[in-house]
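Chains Y and V are the protein sequences, given in the same order.
When you line the first sequence up against our numbering, it's residues 71 to 475, in that order.
When you line the second sequence up against our numbering, it's residues 71 to 475, in that order.
Ideal placement from N, C-alpha and C gives every residue a C-beta, glycine not left out.
Inspection log for the structure reproduced underneath, given as structure tokens.
Protein chains: 2
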Amino acid sequence: MPAIKPDRVLGDLYKLRSFGTYKTGVHRPTFSPEDIAARNWFAEQCTAAGLETSIDGIGNILGKSKASGAKALSGSHLESQNHAGWLDGPLGCVYALEASRAIKEAGGDAGVDVVVFCDEEGHYGSFLGSKSFTGLLKDEDIDKAANRHDGTPMRDALTRAGWNGRPRVQIEPSRYKAFFEAHIEQGDTLESEKLRIGVVTAIVAIWQYSFSATGEQNHAGTTSMTRRRDAGLALVRLLSAIDRRFPEICGPRTVWTTGRITLEPGSHSIIPGRAESLFQLRDADPAVLDRLHAELHTLVDEANRTGRCPIEINVISQSTPAKMDERLMSALDASAERHAPGKHIRMPSGAGHDAQWLARKLPAAMMFVPSIGGISHHWNENTSDEDLVLGAQVFADAIADALKG
Amino acid sequence: MPAIKPDRVLGDLYKLRSFGTYKTGVHRPTFSPEDIAARNWFAEQCTAAGLETSIDGIGNILGKSKASGAKALSGSHLESQNHAGWLDGPLGCVYALEASRAIKEAGGDAGVDVVVFCDEEGHYGSFLGSKSFTGLLKDEDIDKAANRHDGTPMRDALTRAGWNGRPRVQIEPSRYKAFFEAHIEQGDTLESEKLRIGVVTAIVAIWQYSFSATGEQNHAGTTSMTRRRDAGLALVRLLSAIDRRFPEICGPRTVWTTGRITLEPGSHSIIPGRAESLFQLRDADPAVLDRLHAELHTLVDEANRTGRCPIEINVISQSTPAKMDERLMSALDASAERHAPGKHIRMPSGAGHDAQWLARKLPAAMMFVPSIGGISHHWNENTSDEDLVLGAQVFADAIADALKG
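Pasting the structure below:
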């Protein structure tokens, strides 16, 4: 059994927190000087661990094991959201590196390649690093990508980092038996149920919509209530109907969110002539998604039958749930049971992860450690040292097991 | 009985439409070159009608009758909202001028002074012209006022017009028995009930509020429905409760409007941590306003008892209804009954007007003519020529009557 070294795991995590420290978290956007420094430092650690390491033309790091036997691939991302937490991403990179080191130190011919994807957090696009690695990104996509905060072209950022023009490394699926990614939970399921390890069953699909209601912009004083066609009110009634109906038909872990409501023209004294909202639905079960999708249409149809402001429902995107591999989940279950008996659970991931792209090429698995207070994407994001150490051991052990099978 | 001249009324209205014509309406913001030209032209017409006319230091026009007997004051405004209608304001100015002319032509010693207030439409502030005329505006208020669209200081605009530094004329209440203002209805009450004249009973009060809900900004994928504190949803539930409750307790003509909803940070994948909305209530009856105001607090209290996102209700402004004078209303009723038997109604004004400020100094009255389709603040605003002519006659006749009493 591989034995991870707690000081090495925690030391690497603390070191990564020093790149772009912000309050108790980090501010390390993709290709910021701090992110570039963190990547270069992490690549050096891979090399020091005996991996043949390179950073490619999109900033992805790949550390290849020289082991002669079965190999797994593992990793996550290093950049952060703006002014966010220290573990989201780095945890999965350090766990991958530690698993690689511990499995090598345990002897035998198995090995773990370590991968770090660029821009999982989406400063320049959507999962550009893992899409590049899995062959889903064209050079033109990079040519067009720009930083969504300041507009910097991705090419300029890559040039500044010294990586532009390098070949982009793509996955060799035949080289690996599995992909493993570790991550903080980002929710409070583990903490609230006093559990320590989550074995991810699937990464949920995200279905995104906009609703737009068309009414008649008019004077808020002279237009009687019976005559007015208030697009804002039509939208409020629809959202209220969803709020009443969805809990009756959702799955046990479905989530839905109205992230934005815009009324036009947006003035105190003018009846909104147009109203729009962004709506999102997440679940790992296609049947639940289909049911809720149909219900949205039913509720919009009802609103249009009874109301005076036509509402349109537009589908912005509908992803597919990424199922994790049953054999790998069992390896994680078994490892968790050895190190923390009864303290683990199977659960879906409500957030998207690089693993959802890797799952298209390899059997994939994800493991969660608890997030204190369920906090995520905030500098207060944290996990206890005990959980960080336990997680690294469960993770390495499960990978070693999976490579045996 | 004064006899108005239809061609003169329509001719003056058409002429005013030529200053800043935009589609079938006008674009004539306060102190735009078109507005300045319209004011200068109108002042000339007042002079031509035998009135001693001046434009004062805020752009208000006052044409004083040389009649020796009882006098009334009448008028409205000339500037328009951006890209708006041709009658909102000018109708009341031309009716006042025509009443002055017709009453003079009818002989006798009564007279009508004509007044045109600047900026009723609020490009630089709120009712600056009528507030100046009624002694409610300080020079410093003008020093501070700036165009809300382009930031031009009001002083610069007045200098360009050639009026800056002139004394500001204030009302001599002892000179007048009454103030009369005519206006288009801006709603569809007259049209839908096939009526031709509205006698205004009161200008409604406007009570403005903001609601703000505080929740917890969090990840829209990893935060379970039971754990999340969604400020946007809390606000939607409150607005929905108002929508259900208010129709049960409002007055026959109460109107309420949610003009804006803002969710922060306003992203697809983030549970709103804060939500705010602008809410407005209008009624002419203080008892109705008090009842609905109390109900708003009850609904917010209920929301705070049952919900997880505290909601604050903030009062932005609460005006008082401006009651019109009973004797003057009777004069309008009687005149309407003579010229259009059974085709008139008493009704409140849902919009604010200069008359609400004049009512503080003089017995005041307002008369409405129908708006086709109830359209207002839009270039499609219109009134039939027949109604325009009838209104001018009813108006002049009522003023003549009121001056006799």
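Contacts of Y/Glu255 in chain V (Cβ-Cβ under 8 Å): Here residue 255 of chain Y refers to the residue found at position 185 when the first sequence is read from its first residue. Within chain V, the residues near Y/Glu255 are Thr292.
Ranges of the beta strand (DSSP E) found wholly within the region 300-325 of chain V, counting only runs of at least 3: none
Beta carbon of Y/Ile273 nearer than 9 Å to that of Y/Gln426: Here residue 273 of chain Y corresponds to residue number 203 of the first sequence, with the count starting at 1. Here residue 426 of chain Y corresponds to residue number 356 of the first sequence, with the count starting at 1. Contact flag set, yes.
Chain Y contacts made by the region 135-146 of chain V, where a contact means CB separation under 8 Å: none
Sufficient close CB pairs (3 or more, under 8 Å) joining the region 378-388 of chain Y to the region 314-334 of chain Y: no
Touch test, the region 412-426 of chain V against the region 225-237 of chain V, Cβ-Cβ under 8 Å, three pairs minimum: no
Heavy atom of the ligand GDP within 8 Å of V/Ala401 beta-carbon: The ligand GDP is absent from the structure shown, which contains no ligand whatsoever.
Contact list for the region 416-427 of chain Y against chain V, Cβ threshold 9 Å: Ser419, Gly420, Ala421, Gly422
Pairwise C-alpha distance: V/Gln388 and V/Ser280: Reading the second sequence from its first residue, position 210 is the one you call residue 280 of chain V. Reading the second sequence from its first residue, position 318 is the one you call residue 388 of chain V. Straight-line Cα distance between these residues: approximately 12 Å.
Interface flag, Y/Arg54 vs chain V, CB-CB below 9 Å: Residue 54 of chain Y cannot be examined here, being either before or after the span of chain Y that is shown, 71 to 475.
V/His448 classed as buried or exposed, judged by whether at least 16 other C-beta atoms fall within 10 angstroms: Along the second sequence, one-based indexing puts residue 448 of chain V at 378. Buried is the call here.
Proximity winner among Y/Pro322, Y/Leu148, Y/Ala73, relative to Y/Ser200 (alpha-carbon distances): For the purposes of this step, residue 200 of chain Y is taken as residue 130 along the first sequence, with counting starting at 1. Measuring from the Cα of Y/Ser200, the nearest candidate turns out to be Y/Leu148.
Where V/Ala275 sits in the DSSP three-state scheme: The residue labelled residue 275 of chain V in the question sits at position 205 within the second sequence. Reduced to three states, the DSSP call for V/Ala275 is strand.
Cβ neighbour criterion (16 or more within 10 Å) applied to V/Pro72: Stepping through the second sequence from its first residue, residue 72 of chain V is reached at position 2. Buried: at least 16 other Cβ atoms inside 10 Å.
Whole runs of the alpha helix (DSSP H) within the region 359-411 of chain Y, excluding any shorter than 4 residues: 396-409
Inter-residue spacing [alpha-carbon to alpha-carbon] between V/Arg98 and V/Asp105: Locating residue 98 of chain V in the second sequence gives position 28, counting from the first residue. Locating residue 105 of chain V in the second sequence gives position 35, counting from the first residue. When rounded, the distance between both Cα atoms is 5 Å.
CB contact check: Y/His447 to chain V, cutoff 9 Å: Indexing the first sequence from 1 puts residue 447 of chain Y at position 377. It does: the Cβ of Y/His447 has a partner Cβ on chain V nearer than 9 Å.
The region 77-85 of chain V / the region 134-154 of chain V touching (three or more Cβ pairs under 8 Å): no
Integer Cβ distance of Y/His153 from Y/His193, believed to fall under 8 Å: As a position in the first sequence, residue 153 of chain Y is number 83, starting the count at 1. As a position in the first sequence, residue 193 of chain Y is number 123, starting the count at 1. Actually they do not touch by this definition, with Cβ atoms about 13 Å apart.
Contact list for V/Leu161 against chain Y, beta-carbon separation under 8 Å: Translated into the one-based positions of the second sequence, residue 161 of chain V becomes position 91. By Cβ distance, chain Y contributes nothing, its closest Cβ being about 15 Å from V/Leu161, past 8 Å.
8 Å contact criterion, which V/Val306 and V/Met399 should meet: CB distance rounded: Sequence index remark: in the second sequence, residue 306 of chain V carries index 236 (1-based). Sequence index remark: in the second sequence, residue 399 of chain V carries index 329 (1-based). About 43 Å; that fails the 8 Å criterion.
At least three beta-carbon pairs within less than 8 Å, the region 251-263 of chain Y to the region 362-380 of chain Y: no
Which of helix, strand or coil DSSP assigns to V/Phe112: Walking along the second sequence from the start, residue 112 of chain V turns up at place 42. Reduced to three states, the DSSP call for V/Phe112 is helix.
Bounding residues of the alpha helix (DSSP H) (the contiguous stretch that carries V/Ser144): Locating residue 144 of chain V in the second sequence gives position 74, where the first residue counts as 1. Unbroken run through V/Ser144 is the beta strand (DSSP E), 141-147; no alpha helix (DSSP H).
Residue ranges of each alpha helix (DSSP H) within the region 172-230 of chain V, 4 or longer: 198-203, 209-214
Cutoff 9 Å: V/Asp455 Cβ touching any chain Y Cβ: Position 385 of the second sequence, counted from the first residue, corresponds to residue 455 of chain V. Chain Y contact via Cβ: absent.
Pairwise C-alpha distance: Y/Glu407 and Y/Thr229: Counting from 1 along the first sequence, the entry for residue 229 of chain Y is found at position 159. Counting from 1 along the first sequence, the entry for residue 407 of chain Y is found at position 337. Using only the alpha carbons, I get a separation of about 47 Å.
Y/Asn450 classed as buried or exposed, judged by whether at least 16 other C-beta atoms fall within 10 angstroms: Numbered from 1 along the first sequence, position 380 holds the residue referred to as residue 450 of chain Y. That one is exposed.
Integer Cβ distance of V/Ile267 from V/Met437, believed to fall under 8 Å: Counting from 1 along the second sequence, the entry for residue 267 of chain V is found at position 197. Counting from 1 along the second sequence, the entry for residue 437 of chain V is found at position 367. The pair is a contact, with the Cβ atoms about 6 Å apart (cut-off 8 Å).
Alpha-carbon to alpha-carbon, Y/Glu251 and Y/Asp395: By 1-based counting over the first sequence, the position of residue 395 of chain Y is 325. By 1-based counting over the first sequence, the position of residue 251 of chain Y is 181. One C-alpha to the other measures close to 12 Å.
Three-way DSSP call (helix, strand, coil) for V/Tyr54 in this model: Chain V is shown only over 71 to 475; residue 54 of chain V falls outside these bounds and no answer can be derived.
Cβ-based burial, V/Lys141 [other Cβ within 10 Å; buried from 16]: Numbered from its first residue, the second sequence carries residue 141 of chain V at position 71. Buried, by the Cβ-count rule.
Cβ pair count under 8 Å reaching 3, the region 319-335 of chain V against the region 349-358 of chain Y: no
Bridge partners - Y/Lys134, DSSP secondary structure assignment: As a position in the first sequence, residue 134 of chain Y is number 64, starting the count at 1. Y/Lys134 is bridged to Y/Glu122.
Simplified DSSP assignment, three categories, for V/Val79: Position 9 of the second sequence, counted from the first residue, corresponds to residue 79 of chain V. In the structure shown, V/Val79 sits in a helix (DSSP, three-state: H, G or I).
DSSP three-state assignment for Y/Ala434, whether helix, strand or coil: Residue mapping note: residue 434 of chain Y aligns to position 364 of the first sequence, counting from 1. Strand, per DSSP.
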